[in-house]
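Sequences listed follow chains A and B, in order.
For the first sequence, our numbering begins at 1309 and goes up steadily by one.
For the second sequence, our numbering begins at 1309 and goes up steadily by one.
In this text, a Cβ means the ideal position worked out from N, Cα and C, and glycines have one as well.
These figures come from a predicted structure and were not determined experimentally.
Single-structure report; data block below.
There are 2 protein chains.
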Amino acid sequence: MPSIARTEPAVVELPEPPGLPGPLPEPRVEDLRLEIVLGALSDPLRLTVVRKLLLEREEFDHPCGWFGFDRPKSTLTHHFKALREAGLIRQRQYGLERRSHVRVDDLEARFPGLLALVAAWTPREG
Amino acid sequence: MPSIARTEPAVVELPEPPGLPGPLPEPRVEDLRLEIVLGALSDPLRLTVVRKLLLEREEFDHPCGWFGFDRPKSTLTHHFKALREAGLIRQRQYGLERRSHVRVDDLEARFPGLLALVAAWTPREG
DNA sequence: AACCTAGTTCGACTTTTCTCGTATTAGAGC
DNA sequence: GCTCTAATACGAGAAAAGTCGAACTAGGTT
């Protein structure tokens, strides 16, 4: 990714809504940085995650096994963490599983139209 | 940047418009890949280049000295090449200098709204 | 308790990207 | 021709990102 001065956005524990497990540490809306968000989206696997979360959104968030990637778990942890720290997804711990959803409102507020591009993306064939 | 299968988009010499020096090799519109474009934009220096080209567009394209970066020329060459190969800018050789402009129409056609995000970007203070 | 299970953490390795110095090219002007 | 100039090419070192195995943690079940 980048070069120049990249200080990462402060990662902050948010106040938890009642009834839900608190979200894992994530940057606040106002700390979202375009260059970091774009960097997080420049990986096909992560782009796939965000797109799937957008298109196949259901009533519950998805644990990371749900995506069906044929990759070791440590690799998936790495990518989900990158997405969360960039501010693209919010993750909550439900018992054993850690479920994710896209921070649609936050992203739409800061980078309007970006998620539409992700939703329209198709992985390269071949 | 990424991981998975990333084959780069075919770099193709375009037919030259009369009176202008031909553009340097660049991917065709239909070969533009979102993940590559986002990767190219995930660097603050390159984001600055594209934003400046968008905001301070004048009647002529800009040579790469115009940007006033305090970096060695070989570094600038590297970044401009990355932008061109990702399909963000078009470069033409005018005598000694190589001038660049953003491929606004192509990008707007393929990734509508993306350039607006770049134009709205501000480098992190500090 | 023992066991399974979803996911993390650590550390090592590989790959990619960035940076920059040096040498070189190609065009312009003399 | 020679010189100046904008930029490239090469190559090496540094930094960052990706990949993955192995060990571990925490929650659930029996």
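Starting from residue i, follow its DSSP beta bridges and name the residues at the other end.
i: V1410(B); result: I1397(B)
i: P1371(A); result: R1407(A)
Ordered along the chain, which non-local residues of its own chain (more than five positions away) have a Cβ less than 6 Å from that of residue i?
i: T1315(A); result: Interpretation of T1315(A) is limited by its pLDDT of 43, a score under 50 that renders its predicted location unreliable; the figure taken from the coordinates is listed afterwards. For T1315(A), where only same-chain residues beyond five positions count, there are no Cβ hits under 6 Å.
i: I1344(B); result: A1394
i: F1388(B); result: C1372
i: D1414(B); result: V1337
i: A1390(B); result: A1348
i: R1411(A); result: R1398
Which residues in the same chain have their Cβ closer than 7 Å to the Cβ of residue i, if we skip the five residues on either side of it in sequence?
i: P1431(A); result: P1352 and T1356
i: H1369(B); result: At residue 1369(B) the sequence reads Asp, which differs from the His that was named. Once the five neighbours on either side are set aside, the close Cβ partners of D1369(B) are R1400, R1407, S1408 and H1409.
i: S1382(A); result: none
i: R1418(A); result: V1337 and L1340
i: E1433(A); result: none
i: E1416(A); result: L1423
i: W1429(B); result: L1355 and R1359
Helix, strand or coil for residue i, going by three-state DSSP, please let me know.
i: P1352(A); result: helix
Skipping 5 residues on each side, what residues in its chain have a beta carbon closer than 8 Å to that of residue i?
i: P1329(A); result: R1400, Q1401 and Y1402
i: A1427(A); result: R1359, L1362 and L1363
- Task: Could you name the residues of the stretch 1327-1343 of chain B whose beta carbon sits closer than 9 Å to any beta carbon of chain A, in the order they occur along the chain?
- Result: R1341, L1342 and E1343
- Task: Mind checking the stretch 1343-1370 of chain A against chain B and listing, in chain order, the residues whose C-beta falls within less than 7 Å of any C-beta there?
- Result: E1343, L1346, G1347, L1349, S1350, D1351, P1352, L1353 and L1355
- Message: Please identify, using Cβ separations under 8 Å, the residues of the stretch 1410-1421 of chain B that lie next to chain A, in order along the chain.
- Response: F1419, P1420 and G1421
- Message: Any C-beta of chain B within less than 8 Å: which residues of the stretch 1385-1413 of chain A qualify?
- Response: none
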